[in-house]
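S.K.:
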Amino acid sequence: MLRWIRQQLGFDPPHQSETRTVYVANRFPQHGHYIPQRFADNRIISSKYTIWNFVPKNLFEQFRRIANFYFLIIFLVQLMIDTPTSPITSGLPLFFVITVTAIKQGYEDWLRHKADNEVNGAPVFVVRSGSLVQTRSKNIRVGDIVRVAKDETFPADLALLSSDRADGTCHITTASLDGETNLKTHFSVPETSVCQSVSQLEALLAVVECQQPEADLYRFVGRITVTQHEEEIVRPLGPENLLLRGARLKNTKEIFGVAIYTGMESKMALNYKCKSQKRSAVEKSMNTFLIIYLVILLFEAILSTILKYAWQAEDKWDEPFYNQKTELERNSSPILKFISDFLAFLVLYNFIIPISLYVTVEMQKFLGSFFIGWDLDLYHEESDQKAQVNTSDLNEELGQVEYVFTDKTGTLTENEMQFRECSVNGTKYREVNGKLVPEGMTDDSPDGSTAHLMGEELLFLKAVSLCHTVQISYDQPDCLVGGGDPFSHANGFSSNHMEYYASSPDEKALVEATKRIGVAFTGSNGDTMEIKTFGKFEKYKLLHVLEFDADRRRMSVILQTPSGGKVLFTKGAESAILPFTTSGEIEKTRLHVDEFALKGLRTLVVACRHFSPEEYMDVDRRLTAARTALQQREERLHEAFDYIERDLQLLGATGVEDKIKEDHVIQHGLVVDGASLSLALREHEKLFMEVCKNCSAVLCCRMAPLQKAKVVRLLKTSPEKPITLAIGDGANDVSMIQEAHVGIGIMGKEGRQAVRNSDYAIARFKFLAKLLLVHGHFYYIRIATLVQYFFYKNVCFITPQFLYQFFCLFSQQTLYDSVYLTLYNICFTSLPILVYSLFEQLVHPHVLQSKPGLYRDISKNSLLSFRTFLYWTLLGFCHAFVFFFGSYILMGEDTTLMGNGQMFGNWTFGTLVFTVMVITVTLKLALETHFWTWMNHFVTWGSIAFYFIFSLFYGGIIWPFLHTQDMYFVFVQLLSSGSAWFAIIIIVITCLFPDVVKKVLYRHLQPTSTQKSQSLSASQAQALSCVESLCCYQHGQSGCSRLAHLLEQMTGQCKASASNCHASNRSNRSWSDTENFSNDRSILTLSPIEATHC
């Protein structure tokens, strides 16, 4: 009763028990005390915000940034106390930054909502109230009977009840879940397989008891209790009975299944690691630098406050005749007055913290990410797929990768298997023109004919053609519907009319090979399998299937032969078979397996065991008892399998080739199997990590999705904190992709789950080279310079304000006009650095690909090291001192330098300093620019011109909406002075001349590898008629390609006419290990690339 009350009040968690009970069609018990379990609905949620929490949640996240929070405090201080500057100077930039960022993040989350709504709103059919009802996917409840048609995806995790096939089986592909495109066969229990109509399903009385949701895709323990004629029949349920959400129905007209796990409790959703916000190393450096600048700001504010009170210790300065205190000021608390002055100085110097840095970085990342999609070198013509960017926050991280974690099947390989060699009874064979030819013989040798295979050789071929879960599809699949004879094609059997489907590509390749050789699997019907052995048909009864699992690493079938005997055929890894063999050519086969492995072939060992009638009865009893157990079923099955799969007779081994993609990766390293990996991750993490770091490559076999993420996390959290990249093509790679600093999805044959959950997506693994070596390099140098330059120009901006206080008795008088304070970062100096951060190329793309060593030059966040940061900061202080004291020395002694004889005032002096500063910081960026386009010229010289034009209009007109206009005619008078022009030129040259000398000396005396490569890139660029990676377009180019083409014409990267550009002339890229990069354990190297002739 107490539990019932807790459930009614909502205090009892939905998963308090270890198992869940699902009533098929939600036919709950009719007694009054039954309380239904609470289950999740069927909605999938990948979005971050809702319409209700967007504003507070987004504001909270934005104000977690140091600069945003700091400017919020400054803005509030300006509102509360009397400060030297208007609250608008802080509030307007803050509002601009917050608004732009919120719009960008809101738009990205809207796209996620849109994708979720498409999935959750997909139409589905469920059985309710005796009829088939169409509803939305999100409305499916646990217990609902769902109908799924051919080629549709399963909307929830379903226990298969029936299909249109008489035997109640169906075929599915789990490409979006585990990366395998091959068909898998799933089964229903006999008591429900006959319910093929809605009326039969409505009358079905059944209850499913199973485990609570868990992430393991390959584990499901449950049982179904079917009530027929008041008798309860209990059947076991396993992974072969569960249809996972995201899988697709194939070669089956329709199925009915009961929803077991829904929504975020489905195995697909549970395998998605909680997606945390990834932060790049650059952003972390920015926050560190901001803290340092905050310390500088506090130091300047405290020092100014102390010096003010030290100066005012003298009565003549404390209360001069021209600034008498009021009675309230005389009686105010000294502590409150000190705090007020400190806050006023804090506001005065607050622009040393560059709030616009964040919005500029956001714009740079967002706009810069388009170049990845526009790059035709990352476009795959066969599949018509271009690279895509799912998040632009990590662009620069592509230039910092130290370790690459990659899925193999489908990513490095094509996932297309071809039978190459085998070993039978100690003799090696290879297939030549559909014949098994012994080693050393040709197909025309008299002893090389397959027809002469007898005894052990023939048994080996039969074992391979029967030990599998392969299914057959014919050109006319409807012939099997309704229980037709599946062997009706056998007599007129033709390879043109049938196709094999298998859960494992190895199985398919082996069965196809035996068919070519002469032992063909021709189909199965229920528990009967048929093969055609050199024209003779044989039928075997399938008694038991011992499914493959990662622990045993083998699978077996128990068959009844045509003569009535019982035989077990098994195949698996050599380490899982050879220790249990007692007869056969064991040592010879072991040597042959090693030879196959050295050739890069995937190996399997085949064995058999013959049972006596008594032995089989014992085996059948053990298997039945283990399969029907609800508790500890897996352990009991494992014990039964180990008991059965022993005393084996070795038949031989196979070698299958998984075709490598165009990328040929040649590495040597460590190979770790599943058992060793589990032990290493559980007990020897540090040792395993150190071994991995000292290997060129590490291969981990048969890993669960979360195990992949754990290996990534192990390296990611090591003391060196290396930047990691994970790349894969299946849903089993999603956790790894989300765990790594950078996650990349492959748009392959294995579904789109990896692509949807990745940061970047490419069509082929080979594109990773350019993505890292070129785009990663460009993004990093651009944003690193952007960050350093922002801090530099803000030091230049606010330090003269600090120095000015020494000349105005720390009265908190501003040196610059408030409009200049507001527009300095927003208008006068923003565009040049933005354009630089979009188009800068220190080295030509072809050189970056041909010299991977240049990638290491920017590793470890080298361009944002403390030494580099200190250089830019000290440079900013030096330039600021030259601005202020240069203007003071040239103008301070004689203030009557106006053309009309008028004297300089404080606003004229401040404007002179500001003018020199705008010109200098703009030209400083020009000196840093290596790759000039007309757009760089436009914004560089245009920014300086805009400042002059704006100042003339701002100070040359009386604006009626301004309360005061201190700058009226100030700028015009300043420009009328020849001495002012002389001062501007002298001060700018004084600041920049040492930079020019330093660059020239360093380039000639101590050139870096990048500077050496710049001369090479220049000569290569002259040989190019256009930038091949961006300007060569094929016929039928997309809209974004044309936009990219227009952009390159605007930036001067290629000529308007690109008719002589031909995609066929692209450089020939190939993998090579000729360059010795023994310490580089993660970066793929490219051979030198020939110059492209477009």
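Under my numbering, the first residue of the sequence shown carries the number 5, and numbering increases by one thereafter.
Cβ atoms here follow ideal geometry from the backbone N, Cα and C, with glycine treated the same way.
Under 8 Å between the Cβ atoms of Asp821 and Ser1013?
M.R.: no
S.K.: How would you write the range of the alpha helix (DSSP H) that Cys696 sits in, first residue to last?
M.R.: 689 to 697
S.K.: Among Glu122, Ala577, Phe889, Glu589, which has the Cα closest to the Cα of Met921?
M.R.: Phe889
S.K.: Give the range of the beta strand (DSSP E) segment to which Glu542 is assigned.
M.R.: 540 to 550
S.K.: If you reduce the DSSP assignment to three classes, tell me which class Tyr407 lands in.
M.R.: In the three-state scheme derived from DSSP, where H, G and I count as helix and E and B as strand, Tyr407 is classed as strand.
S.K.: Which residue or residues does DSSP assign as beta-bridge partners of Glu213?
M.R.: Thr25, Arg227
S.K.: Using a Cβ-Cβ cut-off of 6 Å (strictly less than) and excluding sequence neighbours within five positions of His1102, which residues of its own chain qualify?
M.R.: With the chain running from 5 to 1098 in the structure shown, residue 1102 is simply not present.
S.K.: Can you check whether the CB of Glu122 is closer than 8 Å to the CB of Phe191?
M.R.: No. Outside cutoff.
S.K.: Which class does Pro583 belong to by DSSP, given the choice of helix, strand or coil?
M.R.: helix
S.K.: Distance check for Thr103 and Ile306, CA to CA, integer angstroms please.
M.R.: The alpha-carbon of Ile306 is positioned some 33 Å away from that of Thr103.
S.K.: Which residues does DSSP list as the beta-bridge partners of Ala153?
M.R.: Glu258
S.K.: Taking 8 Å as the cut-off, does the segment 462 to 474 touch the segment 519 to 530 (at least 3 CB pairs, one atom from each stretch)?
M.R.: yes
S.K.: In the DSSP assignment, find the unbroken alpha helix (DSSP H) run with His781 in it and report its ends.
M.R.: 781 to 808
S.K.: Considering only their Cβ atoms, is the gap separating Val660 from Gln422 smaller than 8 Å?
M.R.: yes
S.K.: Verify whether the separation of the beta carbon atoms of Gly403 and Gly780 is less than 8 Å.
M.R.: yes
S.K.: Going by beta carbon distance, what residues of the same chain come within less than 7 Å of Arg24, once the five residues before and after it are set aside?
M.R.: Gln41, Cys214, Gln216
S.K.: Please determine if the segment 854 to 874 and the segment 973 to 981 are in contact, where contact requires at least 3 C-beta pairs separated by less than 8 Å.
M.R.: No, the segment 854 to 874 does not touch the segment 973 to 981.
S.K.: Suppose only complete runs of 4+ residues qualify. What are the alpha helix (DSSP H) ranges in the segment 161 to 202, listed by chain order?
M.R.: You should have 179 to 182, 194 to 197.
S.K.: Whole angstroms is fine: what's the gap from Glu401's alpha carbon to Gly125's?
M.R.: 36 Å
S.K.: Just to check my reading of the structure: Gln653 and Ala773 have Cβ atoms closer than 8 Å, yes? What is that Cβ distance to the nearest angstrom?
M.R.: Going by Cβ atoms, the distance from Gln653 to Ala773 rounds to 49 Å, so no, they are not a contact pair.
S.K.: In whole angstroms, what separates the C-alpha of Phe409 from that of Val715?
M.R.: 9 Å
S.K.: Please state whether the Cβ-Cβ distance between Glu195 and Gln232 is less than 8 Å.
M.R.: yes
S.K.: Going by C-alpha to C-alpha distance, which of Leu96, Ala210, Glu269 sits closest to Ile48?
M.R.: Glu269
S.K.: Taking the straight line between their C-alpha atoms, what separation do you get for Thr178 and Arg223?
M.R.: When rounded, the distance between both Cα atoms is 15 Å.
S.K.: Looking at Thr266: is its Cβ nearer than 8 Å to the Cβ of Val146?
M.R.: yes
S.K.: Using a Cβ-Cβ cut-off of 8 Å (strictly less than) and excluding sequence neighbours within five positions of Leu470, which residues of its own chain qualify?
M.R.: Phe525, Met533, Ile535, Tyr544, Val561, Leu563, Phe573
S.K.: What residue from Tyr793, Val738, Ile990 has the CA that sits closest to Ala930's CA?
M.R.: Tyr793
S.K.: In the DSSP assignment, find the beta strand (DSSP E) that holds Pro127 and state where it starts and stops.
M.R.: 127 to 132 is the span of the beta strand (DSSP E), which, as asked, contains Pro127.
S.K.: Mind checking whether Val1101 and Ser891 have CB atoms under 8 Å apart?
M.R.: Only positions 5 to 1098 of the chain appear in the structure, and residue 1101 is not among them; the question remains open.
S.K.: In whole angstroms, give me the CA-to-CA distance for Met337 and Ser90.
M.R.: Note on identity: in this sequence residue 337 is Ser, with Met being the wrong assignment. Near 25 Å, if we compare the C-alpha coordinates of Ser90 and Ser337.
S.K.: Excluding sequence positions up to five away, which residues of its chain have a Cβ less than 7 Å from the Cβ of Pro836?
M.R.: Thr926, Leu929, Val943, Thr944, Ser947.
S.K.: Do you know how far the Cα of Ile741 is from the Cα of Asn143?
M.R.: 30 Å
S.K.: Below 8 Å on the Cβ atoms is my contact criterion, and I expect Ala611 with Ile581 to pass it. Report the Cβ-Cβ distance as a whole number of Å.
M.R.: 5 Å
S.K.: Look at the alpha carbon of Thr229 and the alpha carbon of Phe43, and state the distance between them as a whole number of angstroms.
M.R.: 20 Å
S.K.: Asp113 and Val130: beta carbons closer than 8 Å?
M.R.: no
S.K.: Any idea what DSSP makes of Gly242, helix, strand or coil?
M.R.: Coil.
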